[in-house]
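The sequence shown begins at 2 in the numbering used here and counts up one residue at a time.
Since the structure comes first, as structure tokens, the remarks are kept for the end.
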Amino acid sequence: MWGLVPLFWPLLKPAGAAEILAHRMVWSLAFVAVALIVVRRWQWAGELLRQPRRLALVTVAAAVITVNWGVYIWAVNSGHVVEASLGYFINPLVTIAMGVLLLKERLRPVQWVAVGIGVAAVLVLTIGYGRPPWISLCLAFSFAIYGLVKKKVNLGGVESLAAETAIQFLPALAYLLWLAGHGGSTFTDEGLGHSALLASTGIVTALPLVCFGAAAIRVPLSTLGLLQYMAPVFQFLLGILYFGEAMPPERWAGFALVWLALVLLTGDAWRSSVRTARTARSARTALALAAETGTPGTAETGTPGTAGPAPKAESVPSAVEAPDVSPLAKP
């Protein structure tokens with residue numbers, strides 16, 4: 002659904018990107034409010050209101066996702082689908098770079114190489130476009146900042162969307178009312194079908210999120226993370242094959258560098274997860290053997306009879322993890 006969403010936004014013309022964005026905010030809140038009423042999950046709202054710091058972070062997240070949504074809608078309806086897809090390809094690289102700069106995380110050599118290749122890709126694309134790929138960079142950085150903020154907030158997917166759209170609701174509704182008062186609204190002037198399409202922006206926003214939440218508890222994390230690349234792949238193919246956007250050689254070169262960086266990150270993360278799983282199995286085997294023999298054991302060396310702490314599992318890089326944010330930032 003996220004990969005095919007570029008086919009949806011052009012259907013909303015002649016509404017402009019700002020009007021579409023405002024409707025998306027208003028109708029998304031309506032959709033998730035109904036969902037929360039059905040499942041009777043409201044206790045989180047009271048807890049959030051009693052925590053000003055978390056509420057402030059939700060406000061920041063709402064502001065950042067507003068930028069992300071608005072830029073994406075404008076990009077698609079202005080003929081920049083390929084450049085928009087690039088933003089979600091380079092997002093893992095931007096997320097890793099922000100982890101180093103802001104959270105002082107340490108990278109493995111392969112991750113450093115991947116980030117370096119990503120920087121080179123942006124330079125190549127800058128030459129190819131004759132300007133920095135600002136649409137891609139805006140989408141990538143806004144989504145990375147959103148992820149950083151959401152990591153601190155720690156709300157579930159539907160709850161998160163409800164909180165953020167609740168903050169967006171009044172400004173969005175005020176803008177729509179102002180637009181209608183000045184004769185610029187298309188909601189009531191383009192027929193019932195157009196009105197229904199604008200109202201369905203809430204479904205288009207929330208339904209993929211609900212499906213993602215259902216998948217997150219049923220499939221492995223590494224698989225879920227890899228599936229996230231399907232959306233920009235579909236968007237890229239739509240941009241070339243359906244919308245007929247140009248791809249000169251220098252642009253292919255830039256995309257190829259980005260894909261090379263993602264292959265390196267994915268391979269490194271896969272090896273890391275395999276090592277972690279192998280270490281965990283060795284730890285369980287050693288502890289089981291120690292329990293059978295009555296001898297204190299350790300998982301650190303895999304040798305029973307030596308006391309010591311169990312090893313720490315090596316984390317899988319964010320490049321292939323399911324993001325630690327609600328994926329509503331997707332286009």
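Glycine included, C-beta positions come from ideal geometry on N, C-alpha and C.
According to the neighbour-count rule (16 or more other Cβ atoms, all chains shown, within 10 Å of its Cβ), is residue i buried or exposed?
| i | result |
| --- | --- |
| Asn155 | exposed |
| Ser79 | exposed |
| His81 | buried |
| Glu20 | buried |
| Lys151 | buried |
| His24 | buried |
| Pro134 | buried |
| Gln112 | buried |
| Asp190 | exposed |
| Arg219 | exposed |
| Gly184 | exposed |
| Leu193 | exposed |
| Pro209 | buried |
| Val77 | buried |
| Thr299 | At Thr299 the pLDDT is 47, less than 50, meaning the model places this residue with poor confidence; the figure from the coordinates comes in the next sentence. The residue in question, Thr299, is buried, as its Cβ has 16 or more Cβ neighbours within 10 Å. |
| Trp3 | buried |
| Gln229 | buried |
| Ile136 | buried |
| Thr294 | exposed |
| Ala289 | exposed |
| Ala287 | buried |
Hey, residue i and residue j: beta-carbon distance below 9 Å or not?
| i | j | result |
| --- | --- | --- |
| Leu103 | Leu149 | yes |
| Ala207 | Ala36 | yes |
| Ala262 | Ile118 | yes |
| Ser29 | Leu239 | no |
| Phe32 | Ile204 | yes |
| Val72 | Ala85 | yes |
| Leu108 | Val123 | no |
| Phe237 | Phe256 | yes |
| Trp10 | Ile97 | no |
| Gly158 | Phe213 | yes |
| Glu160 | Trp260 | no |
| Leu227 | Ala115 | no |
| Arg272 | Lys153 | no |
Throw me the rounded Cβ distance for the residue i and residue j pair, which I believe falls under 8 Å.
| i | j | result |
| --- | --- | --- |
| Leu22 | Trp70 | 6 Å |
| Ile241 | Val83 | 7 Å |
| Gly88 | Ala141 | 5 Å |
| Asn92 | Ala18 | With a Cβ gap of about 21 Å, Asn92 and Ala18 do not count as contacting. |
| Val68 | Glu165 | Val68 to Glu165, Cβ: 12 Å. No contact. |
| Leu225 | Ala232 | Wrong, their Cβ atoms sit about 13 Å apart, outside the cutoff. |
| Met26 | Phe170 | 6 Å |
| Ser186 | Val65 | Actually they are not in contact, since the Cβ atoms of Ser186 and Val65 sit about 26 Å apart, beyond 8 Å. |
| Leu50 | Phe235 | Not confirmed; about 39 Å, so no contact. |
| Ile168 | Ala63 | 4 Å |
| Leu12 | Leu198 | 6 Å |
| Gly129 | Glu251 | 3 Å |
Could you pull out every unbroken alpha helix (DSSP H) segment of at least 4 residues lying fully inside the stretch 101 to 155, listed in chain order? 110 to 130 and 135 to 154
Which runs of the alpha helix (DSSP H) fall wholly inside the stretch 202 to 230 and span at least 4 residues, in chain order? 202 to 217 and 222 to 228
Which whole runs of the alpha helix (DSSP H) in the stretch 227 to 268 are 4 residues long or more, in chain order? 231 to 238
Tell me the start and end of each unbroken alpha helix (DSSP H) in the stretch 42 to 69 that is at least 4 residues and wholly inside, in chain order. 44 to 50
Could I get the ranges of all uninterrupted alpha helix (DSSP H) runs contained in the stretch 8 to 44, with 4 residues as the minimum, in chain order? 18 to 40
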